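K.L.:
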Ligand code: FAD
Ligand code: 2HG
Ligand code: ZN
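Numbering (my numbering), first residue to last: -10 to 475.
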């Protein structure tokens, strides 16, 4: 199947794979023979058919919610033999349209695979089923004084398996590094139903090709992640959070540099937002507290959050950092330091709710990109100017990882398509020329599959397609997503 790289609108349908079937009576009868009544849903499927942003809509007629790896294996074996396409769905918080069907694919929900299996107290390794909600995992881990090595705003809904399948980033990547270093083992069910036991509790295992890595970040295109061994991290003893207001983006870059040299390994997170993002939260999230008394004004202010984790000498590290900032004239306009856990959470909430706040303004087009930090504000301003009539544009993100989020909310419901055409493929082509990534942490999903050629050479895409065909020759797993023409 060949189609042009630029679809007219991200919601336009791709050509349906003619080899795939829709479910029929006998298929349902088969699923009823292996699953209990509560593991099959055939009516009122709307929440499974739409993504978190209400941007992508599917038309599935069947949701299966198996509670064991064995049952997933039976389901996939049947689907593979009978050419029935399947979409794996965890917390459905993905932001690129990967977790909902494109047509009427069967939705395989992992929500019943929600048992935490065990915890190795000597090595801080948790073994868990993949459908455990991240926040629930952290609640369980707190008895061992540990936590997962990543954190995201969707923690109350996203599943560990969804996080591994997308290779989620989040705010503590600065502190811990990427998630793939902490996933020690996996259990995965392949498209033909074969159960691949890649579970492993050794930190070091150099025995040939590390197959589990290929499933991390594969967004449900190669297999269904059913269990994981995750290396956990000790909770920080002292957590300090500074929220700084400054008068230019250049100052943020300077603050970032001072943070790296003064705070060093104690730097847990560093995030930024422009005054458009700050205003979006203050105007649209009732519970958010305007700690800088901005009165919803848009100006030349920029904001940066810095979390410092220490085990001892807390005051020394924070004070030394603040003193260094103070020595540069005009670097800090205002600074708030969280005084207790409640304030700590409130300040973080301002940053974590930017994406939700933009959704209140209008349909939001989200761009999750990697680029040189020095260019982050320029590209945001450039897009703001390009979309000035139709969109409200904010810039923010994980500056410590070189990961920018641009959210553009559409101000006119009738012009969503026009707005999208103003942004895409412009932004992806810009990245292709200047270097960076069209997807820093959210993945490709449906949204960016057809732009992969801007990021990867043809021979690389061919190699990816060949790997896909080894694991899923009938292309039943998450079709139309991740790879172009599949
Ligand atoms: P889903 O959305 O259900 O699925 C995501 C993809 O993985 C889909 O393609 C799906 O088919 C596939 N998949 C799901 N489960 C499995 C499985 N068990 N086996 C194989 N494939 C599977 N992302 C970040 O990286 N960093 C952030 O800071 C961040 N913050 C967010 C904040 C908010 C408020 C929201 C709504 C989203 C945020 N995200 C962030 C995006 C999203 O939360 C992550 O991509 C998350 O990892 C998705 O997990 P999920 O359980 O919701 O998976
Ligand atoms: C974040 O960092 C998430 O807040 C979501 O990755 C970004 O909503 C977005 O665009
Ligand atoms: Zn993010």
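All residues carry an ideal CB built from backbone N, CA and C; glycine is no exception.
Nothing here was measured: the structure is a model prediction, and the numbers come from that model.
1. In chain order, which alpha helix (DSSP H) runs of at least 4 residues are fully inside the segment 28 to 98?
2. Would you mind sorting residue 132 into buried or exposed? The rule is 16 or more other CB atoms within 10 Å of its CB.
3. Measuring CA to CA, which of 244, 272, 253 and 354 is closest to residue 318?
4. Within its chain, find whatever has a CB closer than 6 Å to the CB of residue 37; leave out the 5 residues flanking it on each side and keep chain order.
5. For residue 255, count neighbouring C-beta atoms within 10 Å of its own C-beta (all shown protein chains included) and say buried if the count is 16 or more, exposed if not.
6. For a test of your reading of the model: does the CB of residue 157 fall under 8 Å from any non-hydrogen atom of the ligand FAD? Yes or no.
7. In this structure, does DSSP put residue 349 in helix, strand or coil?
8. Just the Cα atoms here: how many angstroms apart are residue 477 and residue 12?
9. From what residue to what residue does the alpha helix (DSSP H) around residue 398 run?
10. Can you tell me whether residue 198 is buried or exposed? The criterion is at least 16 other CB atoms within 10 Å of its CB, across all chains shown.
11. Skipping 5 residues on each side, what residues in its chain have a beta carbon closer than 8 Å to that of residue 289?
12. Would a C-beta distance cut-off of 9 Å place residue 158 and residue 260 closer than the cut-off?
13. Out of 180, 192 and 229, which one is the CA nearest neighbour of residue 209?
14. In the segment 284 to 355, which residue ranges form an unbroken alpha helix (DSSP H) of at least 4 residues, counting only runs that do not cross its ends?
15. Within the continuous alpha helix (DSSP H) that includes residue 245, where are the two ends?
16. Compute the Euclidean distance between the alpha carbons of residue 44 and residue 440, then round it to the nearest angstrom.
17. Considering Cα atoms alone, identify which of 456, 28 and 222 is closest to residue 130.
18. Do residue 384 and residue 485 come within 9 Å of each other at the CB atom, strictly closer than that value?
19. Find out if the Cβ-Cβ distance for the pair residue 346, residue 336 is shorter than 9 Å.
P.N.:
On the basis of the supplied data:
1. 35 to 38 and 58 to 70
2. Flag for residue 132 reads exposed.
3. Among 244, 272, 253 and 354, the Cα nearest to that of residue 318 belongs to 244.
4. 52 and 96
5. buried
6. yes
7. Helix.
8. As displayed, the chain neither begins before -10 nor continues past 475, which places residue 477 out of reach and without an answer.
9. Careful: residue 398 lies outside any alpha helix (DSSP H), inside the beta strand (DSSP E) at 392 to 399.
10. exposed
11. 236, 237 and 264
12. No; because the gap between Cβ atoms is not below 9 Å, this pair is not in contact.
13. For residue 209, the closest C-alpha among the options 180, 192 and 229 is that of 180.
14. 303 to 315, 330 to 341 and 343 to 350
15. 238 to 252
16. 18 Å
17. For the residues 456, 28 and 222, the minimum Cα distance to residue 130 belongs to 222.
18. For residue 485 there is no data in the structure shown, the boundaries of the chain being -10 and 475.
19. no
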